[in-house]
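J.: Residue numbers (mature numbering (1 follows the signal peptide of the UniProt record, and there is no 0)): -20 to -1, 1 to 93.
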């Protein structure tokens, strides 16, 4: 059985500038929306995943961020993982919109040595 650490899920907040010109210090007019940036929060339900050689395994993680973060999986060598015959990457926005569910399925697990 091959055990390996969860791939890194990197999150970068896309830059956003919000200007509110209310004419009053530290106050807002009625009807104005306050846009607050919240850094990404990551939740990984299964910290260690194992599978027999030759089988597939599915990794998952949940993210929460505002504005929505840019989410992707990387290998240990920092290269981004894309859909291929070896990997299936799915990122599903949830409700409320600041939540995202990500999965990475790795097919045909092989020994790393």
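Idealized CB from N, CA, C, for every residue including glycine.
These numbers come from a predicted model, not from an experiment.
How should residue 86 be labelled, buried or exposed, when 16 other C-beta atoms within 10 angstroms of its C-beta is the threshold for buried?
T.: Numbered from its first residue, the chain shown carries residue 86 at position 106. It counts as buried.
J.: So, helix, strand or coil for residue 72, using DSSP?
T.: In the chain shown, the residue the question calls residue 72 occupies position 92. Residue 72: strand per DSSP, three-state reduction.
J.: Measuring straight from C-alpha to C-alpha, what distance separates residue 51 and residue 15?
T.: On the chain shown, residue 51 is found 71 positions in, with the first residue counted as 1. On the chain shown, residue 15 is found 35 positions in, with the first residue counted as 1. Going from the Cα of residue 51 to the Cα of residue 15 covers about 21 Å.
J.: I'd like the list of long-range same chain contacts for residue 66, defined as Cβ closer than 8 Å, with 5 residues on each side in sequence excluded.
T.: The residue labelled residue 66 in the question sits at position 86 within the chain shown. In the same chain as residue 66, and ignoring 5 residues on each side of it, the C-beta atoms closer than 8 Å to its own belong to 86, 87, 88, in chain order.
J.: In the DSSP assignment, find the beta strand (DSSP E) that holds residue 30 and state where it starts and stops.
T.: Here the question's residue 30 lines up with position 50 in the chain shown. Residues 28 to 31.
J.: What is the DSSP secondary structure of residue 78, reduced to helix, strand or coil?
T.: In the chain shown, the residue the question calls residue 78 occupies position 98. Correct three-state label for residue 78: coil.
J.: Whole-angstrom Cβ separation of residue 72 and residue 81, contact assumed at under 8 Å?
T.: Here residue 72 refers to the residue found at position 92 when the chain shown is read from its first residue. Here residue 81 refers to the residue found at position 101 when the chain shown is read from its first residue. About 5 Å; that satisfies the 8 Å criterion.
J.: Note down, one range per segment and in chain order, each beta strand (DSSP E) of at least 3 residues found wholly within the region 30 to 68.
T.: 37 to 46, 49 to 54
J.: For residue 20, which three-state DSSP category applies?
T.: Here the question's residue 20 lines up with position 40 in the chain shown. Strand.
J.: Alpha carbon to alpha carbon, how far is residue 64 from residue 54?
T.: Along the chain shown, read from residue 1 onward, the residue named residue 64 stands at position 84. Along the chain shown, read from residue 1 onward, the residue named residue 54 stands at position 74. Residue 64 and residue 54: Cα-Cα distance of roughly 14 Å.
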